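First comes the structure, then the notes that go with it.
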Amino acid sequence: MEIDIRNAHDIGVAVRAARKAQRLRQDDAAGSIGISESFLGKVEKGAESVHWGKLFQVLDGLGVRVIVDIPDEAGELFAGEEIKRYARVERAAKRRRAPEHTDES
1 MEIDIRNAHD IGVAVRAARK AQRLRQDDAA GSIGISESFL GKVEKGAESV HWGKLFQVLD
61 GLGVRVIVDI PDEAGELFAG EEIKRYARVE RAAKRRRAPE HTDES
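Right under this line is the structure:
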């Protein structure tokens, strides 16, 4: 089912509905996702400021998929930004894999 998300409260309602549909108590869901019950409660109440990484962990853990519908004109720019981000990640990984040279004389 697709729903229109306009604010943090809407995300909270969606998260709560997804959890309840799986017949999970808040503490059990939080434990299986790997976050605190307090954090899950904040998300479900629509707290305005939450940690993005943890929020996506909750969404993933409950099987909630997020799709962002951007204007067509932004699609090409988005693709370009993704290519740049991928290149940065690859360069960083390559630097981590590169052996360190030590000058032992």
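With full-length UniProt numbering as the guide, the letters of the sequence shown map in order to residues 1 to 105. Beta carbons: idealized from backbone N, C-alpha and C, even for Gly. The structure presented is a predicted model; accordingly, all values stated were derived computationally and were not measured.
{"Asked": "Counting only the same chain and skipping the five closest in sequence on each side, list residues whose C-beta sits under 6 Å from that of Q26.", "Found": "E37 and L40"}
{"Asked": "Looking at the structure shown, is D27 part of a helix, part of a strand, or coil, going by DSSP?", "Found": "helix"}
{"Asked": "What is the DSSP secondary structure of V58, reduced to helix, strand or coil?", "Found": "helix"}
{"Asked": "For a test of the three-state rule: what should DSSP assign to K45, helix, strand or coil?", "Found": "coil"}
{"Asked": "If you draw a straight line from the alpha carbon of L62 to that of R19, how long is it in whole angstroms?", "Found": "6 Å"}
{"Asked": "Looking only at C-alpha atoms, which of I67, D72 and D28 sits nearest to R6?", "Found": "I67"}
{"Asked": "For L55, collect the residues of the same chain with a Cβ closer than 8 Å to its Cβ; drop the 5 residues on either side in sequence, then sort them by chain order.", "Found": "I11 and V43"}
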